[in-house]
Amino acid sequence: MSALFFTVEEMPLMIVPDTRAQANGHAVITYTYSVFRDTSHGNPALEQTKSNELHLEKHTDPNYMGFITFEDPGKLFTYTADGKEELSSDQVEEIIEHISHYRDNPGMWRHLQQ
Numbered sequence: 070m071s072a073l074f075f076t077v078e079e080m081p082l083m084i085v086p087d088t089r090a091q092a093n094g095h096a097v098i099t100y101t102y103s104v105f106r107d108t109s110h111g112n113p114a115l116e117q118t119k120s121n122e123l124h125l126e127k128h129t130d131p132n133y134m135g136f137i138t139f140e141d142p143g144k145l146f147t148y149t150a151d152g153k154e155e156l157s158s159d160q161v162e163e164i165i166e167h168i169s170h171y172r173d174n175p176g177m178w179r180h181l182q183q
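Residue numbers for the sequence shown follow my numbering, beginning at 70 and rising by one.
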């Protein structure tokens, strides 16, 4: 899955959906999204390095800000602030709104992968 790039309170962000491959080779989106401050200006090479290191060990990336888990999409969300910088509750809510918009409109995600 492609990363999402947007700005929250004038802070550029890169949201990397955690994915896993199924036996048939298709990527399946999970309910966890890693949040990074975007210093790459949408550089796909940097996006790939972020997706390769997701939650396998403690993040040392100074741009990593934690992850958001959709426990019950549309109802219950969890933000885990295990990065160098913590998001405010308002920032987390806005990020959830952006992610939810893409989840509710999967055609937009396909557009990002082209």
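Don't be surprised by glycine CBs; every beta carbon is placed ideally from N, CA and C.
Q) Taking C-beta to C-beta, are residue 72 and residue 83 nearer than 9 Å? A) Note that the C-beta distance between residue 72 and residue 83 is below 9 Å.
Q | Residue from 101, 100, 136, 76 with nearest C-alpha to residue 107 | A | Comparing Cα positions, the closest option is 76.
**Q.** Spatial neighbours of residue 148 in its chain, beta-carbon cut-off 7 Å, leaving aside the 5 residues before and after
**A.** 135, 137, 156, 161
Q: Quick one: using the 10 Å Cβ neighbour count with 16 as the cut-off for buried, is residue 183 buried or exposed?
A: Model confidence at residue 183 stands at a pLDDT of 42, short of 50, so the residue's coordinates are unreliable and nothing is read from them.
Q. Does the separation of the CB atoms of residue 102 and residue 74 fall below 9 Å?
A. Result no, Cβ atoms of residue 102 and residue 74 do not sit closer than 9 Å.
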